[in-house]
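Read left to right, the sequence shown gives residues 467 to 892 (our numbering).
The block underneath contains the structure these notes are about, expressed in structure tokens.
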Amino acid sequence: MSVLPWQLLPDNASTDSDGRLSVGGVDVIDLAGEYGTPLFVYDEDHIRSRCREAVAAFPDGVAYATKAFLCTAMARLAVEEDMDLDVSTGGEIHVARAAGVPADRLIFHGNNKSIRELALAVEIGVGKIVIDSLTEIDKLDLVLGRSGTRARVMLRVNPGIEAHTHEFLQTGATDSKFGVSIVDGAAARAIERILSLSSFDLVGIHAHVGSQVFDVTSFSKTVEVLADFVGHLGVEELSIGGGLGVPYVEGESAPTITEWGAAIGSAANGAGIDQRITAEPGRAIVARSAVTLYTVGTIKEIPGVRTYASVDGGMSDNPRPVLYGSGYEVFLARSTRAERDREIRLVGKHCESGDVIVWEGRVPSDLALGDILATPVTGAYGHSMGSNYNMVLRPPVVFVRDGRARLVVRRETYDDLLARDLGTLG
């Protein structure tokens, strides 16, 4: 038996005498009643606290990686807290601009930026474009030639470091779709090409070794590898990217953003790097700020095998367990602090046997139909990776703060599913 590890909940989580959960001073079961389930509930002050911690840890500059979670409210919040925004598609640029974010606060990433996306970035004047390949140099040169403008660029290099994380999340190893390799000389060739072009202003080097990385020595090694490379270039900035891991289940631990920044700063000082050191955290900002609420619709007991608890969401609102085998905890929102003495497999409503949210979950023995179950640490890569598989409606997002809730993303409607469907044949 075990109780839910409290440290997995948002900063401003609390319970009443019966163990009923509130976040930001708002009862989550009441929220489920008002907005329905599935429902993403974000602790706004938790997010703001992590933004401020990141700004303090990286005083030379820090950007929020919007791929973790993005809506107009989130974009505005991050910028209000003095973070720039890391965007990687035309769609992310569009949402950021719709939120009123100045273009010069955007850092444009992506391993396959289209001509159209590059043209948009140049037209609105994004702060920096992070070049990801030799091919992209020529594409951007073409766009700049047509517009007659210059662009501030960084080069994303591949340091050849294999971070300790899931293989799908490693991005700094030699065999990666991201960046240009230092090891095989491609990075040096890219630098030479960029410096030969009058429309390019090379302002920095970027490296990103992976996502959900718990060991800060992977980042320190990256800084050490890059010291000689950036030393002779005369650029002003070295970005370490993001990728700091967060605990998802009982027994996991991870460095804080402050500890991450200190380790990188120490490595930079030791390597004699005098460039500005910047970073782009995403998961570490928002992951633990949210819980997802579900309603139990079916309980199926298979004697001697397992118990399935089926809820009204699934891989459409959290594909990480399917994609990566990621682990999550589950708890009963009306008995948050109760002993979880009943083993279940928490599954969704999709037509897939692999539609699993929690493979080996524990809940109180009195779990019943209609109960509100919750999964913590769902603030990153749930909403942003969601889908309409089986034409399931994507959930709403609520921000809670100081006893009040505000809806920042509404639930989809059935009419939304037809918004792009033209219904034509032949």
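Where a beta carbon is used, it is the ideal one built from N, C-alpha and C, also for glycine.
Values in this document were obtained by computation on a predicted structure and should not be read as measured data.
Mapping DSSP to helix, strand and coil, what is residue 698? On the sequence shown, residue 698 is found 232 positions in, with the first residue counted as 1. DSSP, reduced to helix, strand and coil, places residue 698 outside both helices and strands of the structure shown, so it counts as coil.
Is DSSP giving residue 511 helix, strand or coil here? The residue given as residue 511 occupies position 45 in the sequence shown. Secondary structure of residue 511 (DSSP, three-state): helix.
Straight-line CA distance for residue 518 to residue 860? Position 52 of the sequence shown, counted from the first residue, corresponds to residue 518. Position 394 of the sequence shown, counted from the first residue, corresponds to residue 860. It is roughly 30 Å from the alpha-carbon of residue 518 to the alpha-carbon of residue 860.
Tell me which same chain residues have a C-beta within less than 6 Å of the C-beta of residue 488, skipping the five on either side of it? The residue labelled residue 488 in the question sits at position 22 within the sequence shown. Closer than 6 Å at the Cβ level, and outside the excluded window around residue 488, lie 480.
Give, in chain order, every unbroken run of the alpha helix (DSSP H) that is at least 4 residues long and sits entirely within the region 689-770. The region 689-770 contains these whole alpha helix (DSSP H) runs: 723-736, 749-752.
List in chain order: all unbroken beta strand (DSSP E) runs of 3+ residues lying wholly within the region 555-597. Qualifying beta strand (DSSP E) stretches, in chain order: 572-574, 594-597.
Selected residue, minimal CA-CA separation from residue 734, among 692, 546, 711: As a working mapping, residue 734 is identified with position 268 in the sequence shown. The shortest CA-to-CA distance from residue 734 to any of 692, 546, 711 is the one to 692.
Count the other CB atoms within 10 Å of the CB of residue 884; is the residue buried (16 or more) or exposed (fewer)? Counting from one through the sequence shown, the residue named residue 884 turns up at place 418. So residue 884 counts as exposed.
What number of angstroms, rounded off, separates the C-alpha of residue 527 from the C-alpha of residue 501? If you number the sequence shown from 1, residue 527 lands on position 61. If you number the sequence shown from 1, residue 501 lands on position 35. Annotation: residue 527 to residue 501 spans about 37 Å, alpha carbon to alpha carbon.
Verify whether the separation of the beta carbon atoms of residue 594 and residue 618 is less than 9 Å. Within the sequence shown, the letter at position 128 stands for residue 594. Within the sequence shown, the letter at position 152 stands for residue 618. Yes, these two residues count as a Cβ contact at 9 Å.
Short of 7 Å in beta carbon distance, which residues of its chain neighbour residue 731, apart from the five on each side in sequence? Order them along the chain. Taking the sequence shown and counting its residues from 1, the one referred to as residue 731 is at position 265. Taking residue 731 as the centre and dropping the five residues before and after it, the same chain places the C-beta of 743 closer than 7 Å to its C-beta, in chain order.
Can you give me the C-alpha to C-alpha distance between residue 572 and residue 707, rounded to a whole angstrom? Residue mapping note: residue 572 aligns to position 106 of the sequence shown, counting from 1. Residue mapping note: residue 707 aligns to position 241 of the sequence shown, counting from 1. Taking the straight line from one Cα to the other gives about 14 Å.
Identify, in the order they occur along the chain, each residue of the same chain with its Cβ nearer than 7 Å to the Cβ of residue 712, setting aside the five sequence neighbours on each side. Along the sequence shown, read from residue 1 onward, the residue named residue 712 stands at position 246. Cβ neighbours of residue 712 beyond the five flanking positions: 720, 749, 750, 753, 754, 843.
Alpha-carbon spacing of residue 821 relative to residue 680, whole angstroms: Here residue 821 refers to the residue found at position 355 when the sequence shown is read from its first residue. Here residue 680 refers to the residue found at position 214 when the sequence shown is read from its first residue. Roughly 27 Å separates the two Cα atoms.
Considering only the beta carbon of each residue, do residue 591 and residue 583 sit closer than 9 Å? Residue 591 sits at position 125 when you count from the first residue of the sequence shown. Residue 583 sits at position 117 when you count from the first residue of the sequence shown. No, the Cβ-Cβ distance between residue 591 and residue 583 is not below 9 Å.
So, at 6 Å on beta carbons, what are the nonlocal neighbours of residue 539 in its own chain, with the 5 sequence-adjacent residues on each side left out? In the sequence shown, counting from the first residue as 1, residue 539 sits at position 73. Spatial neighbours of residue 539 in its own chain (CB-CB distance under 6 Å, excluding positions within 5 residues in sequence) are listed in chain order as 874.
Have a look at residue 703 and residue 853 and give me their C-alpha separation to the nearest angstrom. By 1-based counting over the sequence shown, the position of residue 703 is 237. By 1-based counting over the sequence shown, the position of residue 853 is 387. Residue 703 and residue 853 have their C-alpha atoms roughly 37 Å apart.
Tell me whether the beta-carbon of residue 802 lies closer than 9 Å to the beta-carbon of residue 485. In the sequence shown, the residue the question calls residue 802 occupies position 336. In the sequence shown, the residue the question calls residue 485 occupies position 19. Yes.
Using only the alpha-carbon positions, how far apart do residue 510 and residue 865 sit? Start at 1 with the first residue of the sequence shown, and residue 510 comes out as number 44. Start at 1 with the first residue of the sequence shown, and residue 865 comes out as number 399. Answer to the nearest angstrom: the Cα atoms are 6 Å apart.
Please classify residue 858: does DSSP put it in a helix, a strand, or coil? Position 392 of the sequence shown, counted from the first residue, corresponds to residue 858. In the three-state DSSP reduction, residue 858 falls in the coil class, being neither helix nor strand.
Under a three-way DSSP split, which group does residue 827 fall into? Within the sequence shown, numbered from 1, the residue matching residue 827 stands at position 361. Taken through DSSP and simplified to helix, strand or coil, residue 827 comes out as strand.
Straight-line gap, residue 800 to residue 507 (C-alpha atoms, nearest Å): If you number the sequence shown from 1, residue 800 lands on position 334. If you number the sequence shown from 1, residue 507 lands on position 41. Straight-line spacing of the CA atoms in residue 800 and residue 507 works out to 16 Å.
Under three-state DSSP, which class holds residue 516? Position 50 of the sequence shown, counting from 1, holds the residue named residue 516. Reduced to three states, the DSSP call for residue 516 is helix.
Looking at the structure shown, is residue 468 part of a helix, part of a strand, or coil, going by DSSP? Locating residue 468 in the sequence shown gives position 2, counting from the first residue. Here residue 468 carries a strand assignment [DSSP, helix/strand/coil].
Can you tell me whether residue 558 is buried or exposed? The criterion is at least 16 other CB atoms within 10 Å of its CB, across all chains shown. On the sequence shown, residue 558 is found 92 positions in, with the first residue counted as 1. Per the 10 Å Cβ criterion, buried.
Express the C-alpha separation of residue 668 and residue 887 in angstroms, rounding to a whole number. Position 421 of the sequence shown holds residue 887. Position 202 of the sequence shown holds residue 668. Each residue's alpha carbon lies about 44 Å from the other.
Beta carbon of residue 829, beta carbon of residue 796: below 9 Å? In the sequence shown, residue 829 corresponds to position 363, counting from 1. In the sequence shown, residue 796 corresponds to position 330, counting from 1. Contact flag set, yes.
Count the other CB atoms within 10 Å of the CB of residue 601; is the residue buried (16 or more) or exposed (fewer)? Here residue 601 refers to the residue found at position 135 when the sequence shown is read from its first residue. Taking a 10 Å sphere around the C-beta of residue 601, we find fewer than 16 other C-beta atoms and assign the residue as exposed.
Do you know offhand how far residue 788's Cα is from residue 823's? Indexing the sequence shown from 1 puts residue 788 at position 322. Indexing the sequence shown from 1 puts residue 823 at position 357. Approximately 8 Å, taken between the alpha carbons.
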